[in-house]
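2 protein chains.
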Amino acid sequence: MNGPRRKRERCYLRSARFLEPALAQLLHYGPSHGYTLMEQLAEFGLGDLDRAAVYRALREMEEDGWVISAWETQETQGPPRRVYSLTEVGDQMLLDCVQDLQRVREQLDFFLSSYRRHMIEGEGEYHDA
Amino acid sequence: MNGPRRKRERCYLRSARFLEPALAQLLHYGPSHGYTLMEQLAEFGLGDLDRAAVYRALREMEEDGWVISAWETQETQGPPRRVYSLTEVGDQMLLDCVQDLQRVREQLDFFLSSYRRHMIEGEGEYHDA
DNA sequence: TCATCTATTGACAAAATGCACATAGAGAAG
DNA sequence: CTTCTCTATGTGCATTTTGTCAATAGATGA
Numbered sequence: 039m040n041g042p043r044r045k046r047e048r049c050y051l052r053s054a055r056f057l058e059p060a061l062a063q064l065l066h067y068g069p070s071h072g073y074t075l076m077e078q079l080a081e082f083g084l085g086d087l088d089r090a091a092v093y094r095a096l097r098e099m100e101e102d103g104w105v106i107s108a109w110e111t112q113e114t115q116g117p118p119r120r121v122y123s124l125t126e127v128g129d130q131m132l133l134d135c136v137q138d139l140q141r142v143r144e145q146l147d148f149f150l151s152s153y154r155r156h157m158i159e160g161e162g163e164y165h166d167a
Numbered sequence: 039m040n041g042p043r044r045k046r047e048r049c050y051l052r053s054a055r056f057l058e059p060a061l062a063q064l065l066h067y068g069p070s071h072g073y074t075l076m077e078q079l080a081e082f083g084l085g086d087l088d089r090a091a092v093y094r095a096l097r098e099m100e101e102d103g104w105v106i107s108a109w110e111t112q113e114t115q116g117p118p119r120r121v122y123s124l125t126e127v128g129d130q131m132l133l134d135c136v137q138d139l140q141r142v143r144e145q146l147d148f149f150l151s152s153y154r155r156h157m158i159e160g161e162g163e164y165h166d167a
C-alpha cells in the first residue's frame with residue numbers, strides 16, 4: 039500500500055505498438071515529417087508524448103520497411119526535415135494492424151461487458167479475508 | 039526490409055497493464071490461486087502467456103495493495119498454494135482500470151472508424167516516392 | 001549577438017518482458 | 001522404493017522497450 043510510490047500511469051495505448059499504426063494512418067494521407075506528425079497524433083489521443091519516441095518509431099518503421107524517408111531542404115521554416123512516405127508494404131502492414139486492433143476491440147468489449155454483467159448480477163463485492 | 043528479422047508479435051493487450059485488471063476481475067468472483075487464474079485468463083484472450091509473468095503480476099499487485107495472499111495447505115493436489123483475495127482497495131483499482139479501458143475503447147473506435155472513413159473516401163493509396 | 005522557434009538525433013538509465021531453469025509435494029505405475 | 005507425471009510456485013538473467021535529458025542546427029527577428 040505504501041512502497042516506493044510507483045506512478046504506474048497505465049496508459050494502455052501509448053506504447054510504440056499503437057504509435058506505429060497511428061503514424062502509418064497519418065502517413066496514409068500523404069508524406070509528412072516527424073514534427074508535424076507529432077502534432078497530428080493528438081487526434082488519436084496521443085497528445086504530449088515524448089518527441090524522441092516518435093522519431094525513434096519512424097526510424098524503426100523505416101528499418102522494417104513501412105516507410106521511406108528523404109531529406110527535404112526546400113520550404114522549411116528551419117533546419118532540413120526528414121520527410122516520410124508510406125510504402126506499399128507499410129500500407130499492407132497498416133491493414134494488418136487494423137485487423138489486429140479490431141480483435142483487440144472485441145477482447146476489450148468482452149472484458150468490459152463481462153465486468154458489467156458481473157456487477158449487475160449483484161456479486162459486486164471484494165473478497166478480502 | 040530485411041534486418042535481424044524481429045518478430046514483433048504486436049500483442050497489444052498482453053502486457054502487465056492488461057493482466058492486472060484481468061486478474062482482478064477474476065478474483066472478484068472469489069479468492070483463487072495463480073495456477074487456476076492462469077487457466078481462466080484464456081477467457082479474456084490471454085491464453086498461453088508466461089507463467090512467471092502471472093506470478094510476478096500477482097506479487098506486484100500484493101505490494102500495491104490490490105490483493106492479499108495466504109498459504110493454503112489443505113485441499114491441494116500437490117504442493118501448497120498461495121491463495122489470493124481481492125482487497126477493497128483492489129476493488130476500487132479495478133473500477134478505475136475499467137474506466138480507463140472504456141476510454142481506450144473509445145480511442146480505438148475513433149482510430150478504426152477513422153481508418154474506415156479514410157478508405158471509403160477512396161484515398162486508399164500509399165504514398166511511396 | 002542573442003533569443004526563440006522549428007526540427008532531428010544521441011546517449012543512457014530504468015522498467016518491462018521473455019525464457020530457461022529450479023524447487024517441491026502428491027499420486028500412480030512398475 | 002524408484003521413477004514418472006501432474007500440480008504449483010518461484011529465481012535469475014539477457015534482451016527489449018520506455019522515459020528523460022541533453023546536443024545539434026538552420027531560420028528569423030529584435
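One line per chain: the protein sequences are A and B, in this order. When we follow our numbering, the leftmost residue of the first sequence carries the number 39, and every step to the right adds one. When we follow our numbering, the leftmost residue of the second sequence carries the number 39, and every step to the right adds one. Yeah, the Cβ is synthetic: ideal placement off N, Cα and C, and Gly gets one too.
* To do: Flag His71/B as yes if its beta-carbon sits less than 8 angstroms from any beta-carbon of chain A, otherwise no.
  => Within the second sequence, residue 71/B is the residue found at index 33, counting from 1. Not one chain A Cβ lies under 8 angstroms of His71/B.
Unbroken beta strand (DSSP E) run spanning Leu124/B, endpoints:
Your numbering for residue 124/B matches position 86 in the second sequence. Residues Arg119 to Leu124.
**Prompt:** Cα separation between Asp102/A and Ala54/B?
**Reply:** What you label residue 102/A is simply residue 64 of the first sequence in a count that begins at 1. What you label residue 54/B is simply residue 16 of the second sequence in a count that begins at 1. Cα to Cα, Asp102/A sits roughly 26 angstroms from Ala54/B.
Beta carbon of Ala62/A, beta carbon of Leu132/A: below 8 angstroms? Numbered from its first residue, the first sequence carries residue 62/A at position 24. Numbered from its first residue, the first sequence carries residue 132/A at position 94. Yes.
- Item | Residue range of the unbroken beta strand (DSSP E) whose run includes Ala80/A | Here residue 80/A refers to the residue found at position 42 of the first sequence. Taken as a continuous stretch (DSSP letters only), Ala80/A belongs to no beta strand (DSSP E), as it is neither H nor E.
Discussion item. Relative to the C-alpha of Thr125/B, which candidate in Gln137/B, Ala108/B and Gln115/B has its C-alpha closest?
Written reply: To locate residue 125/B, count along the second sequence from 1; it is residue 87. Here the closest residue by C-alpha is Ala108/B.
| query | From what residue to what residue does the beta strand (DSSP E) around Glu110/B run? | reply | Here residue 110/B refers to the residue found at position 72 when the second sequence is read from its first residue. Segment Val105 to Glu110, the beta strand (DSSP E) holding Glu110/B.
For Arg46/A, I'd like the list of residues in its chain whose CB is within less than 6 angstroms of its CB, leaving aside the five on either flank, ordered along the chain. To locate residue 46/A, count along the first sequence from 1; it is residue 8. With a pLDDT of 47 at Arg46/A, under the threshold of 50, the predicted position of this residue should be treated as unreliable, and no value is reported.
Alpha carbon of His71/B to alpha carbon of Thr114/B, nearest angstrom | Start at 1 with the first residue of the second sequence, and residue 71/B comes out as number 33. Start at 1 with the first residue of the second sequence, and residue 114/B comes out as number 76. Each residue's Cα considered, the two are about 11 angstroms apart.
*asked:* Would Val92/B pass as an interface residue toward chain A - the criterion being a Cβ-Cβ separation below 8 angstroms?
replied: Numbered from its first residue, the second sequence carries residue 92/B at position 54. Not closer than 8 angstroms to any Cβ of chain A, the Cβ of Val92/B fails to qualify, so no.
Compute the Euclidean distance between the alpha carbons of Gln116/A and Phe56/B, then round it to the nearest angstrom.
-> The residue labelled residue 116/A in the question sits at position 78 within the first sequence. The residue labelled residue 56/B in the question sits at position 18 within the second sequence. Residue identity check: residue 116/A is Gly in the sequence provided, not Gln. Each residue's alpha carbon lies about 42 angstroms from the other.
Check: Applying a beta-carbon distance threshold of less than 8 angstroms, which residues of chain B neighbour Gln145/A?
Finding: For the purposes of this step, residue 145/A is identified with residue 107 of the first sequence, where counting begins at 1. Within 8 angstroms Cβ-Cβ: Leu51, Phe82 and Gly83.
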